[in-house]
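Colleague: This is the structure I want to talk about, given as structure tokens.
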Amino acid sequence: MALVSRTELGVRDTGISITVPDEPRAKLMYYIDCIFSVVDITGLDPNIQRFRQFQNYFTIIGHDIDRLIALCLILSPDELQDKVIFHNEEICGDSGNKFLELSNLQMRFLVTESMVIGGQNRQVRKIMVFRTIWMKKNFIDPMAHLLLRRQQEKEEEEEKNKKSSFCVIL
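Using our numbering, the first residue of the sequence shown is number 818, and each one after it goes up by one.
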């Protein structure tokens with residue numbers, strides 16, 4: 818781990834401005850794409866590249882939604898905050914989040930160079946700082962929405978199965 822203090826000499830913002838579709842799957846896929854930018858999660862899921870393509874959110878249906886949710890739980894802010902993602906309203910300025918290169922980074926964060934995710938040691942590429950509203954918009958709210966929607970779909974399916982299951986005794 819490297820202790821980083823508040824010297825902004827040479828800090829390089831490596832992010833770009835993008836537009837994410839206003840759909841929970843797209844928001845969570847964007848979150849995964851952001852995490853992929855900061856830590857090497859290659860191989861964590863066979864479809865990791867597909868889950869990063871948030872513009873194609875409409876292709877994620879059925880069991881793929883369950884896999885997306887599971888992947889987001891593995892990569893949740895609870896697991897990554899203060900390791901590779903950091904809450905800091907001031908550094909973000911007008912942006913919802915920012916990516917900063919580790920080689921030039923000198924803020925006041927304790928940054929790890931690698932971490933265990935999904936049972937494997939993963940290399941940290943850079944860090945991401947975020948504002949509260951960004952995390953709410955791109956992880957917390959979409960995750961709650963998808964979990965509720967999947968629960969409702971499963972309950973509807975169970976109800977449908979109950980109604981269609983009957984026994985005729987002659």
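All C-beta atoms, glycine included, are put in the ideal place defined by N, C-alpha and C.
Look at the Cβ atom of L965, then the Cβ atom of R842, and state whether they are nearer than 8 angstroms.
Modeller: Cβ atoms of L965 and R842: not closer than 8 angstroms.
Colleague: Enumerate, from N- to C-terminal direction, the unbroken beta strand (DSSP E) stretches of 3 or more residues contained entirely within the stretch 864-941.
Modeller: Runs of the beta strand (DSSP E) inside the stretch 864-941: 902-904, 914-918, 931-934, 937-940.
Colleague: Whole-angstrom Cβ separation of S931 and Q937, contact assumed at under 8 angstroms?
Modeller: Not a contact, Cβ separation roughly 10 angstroms.
Colleague: If we require 3 or more residues per run, which beta strand (DSSP E) segments fall completely within the stretch 934-979?
Modeller: Those beta strand (DSSP E) runs which fall completely within the stretch 934-979 and span 3+ residues are 937-940, 943-947.
Colleague: Per DSSP, which one or two residues make a beta bridge with V856?
Modeller: Answer by DSSP bridge pairing, in chain order: V941.
Colleague: Please report the distance separating the alpha-carbon of K979 from that of Q969.
Modeller: Whole-angstrom Cα-Cα distance: 15 angstroms.
Colleague: Of all the options E976, Q866, S854, which has the alpha carbon lying nearest to the alpha carbon of N914?
Modeller: Closest by alpha carbon: S854.
Colleague: With DSSP as the reference, label L845 as helix, strand or coil.
Modeller: DSSP places L845 in helix when its eight states are reduced to three.
Colleague: Measuring CA to CA, which of K900, L917, P894 is closest to M960?
Modeller: That would be P894, whose Cα lies nearest to the Cα of M960.
Colleague: Measuring alpha carbon to alpha carbon, tell me which of D850, I865, Q872, Y848 ends up nearest P838.
Modeller: Comparing Cα-Cα distances from P838 to each of D850, I865, Q872, Y848, the minimum goes to Q872.
Colleague: Please determine, among I865, R967, L917, N864, the residue with the shortest C-alpha to C-alpha distance to V901.
Modeller: That would be L917, whose Cα lies nearest to the Cα of V901.
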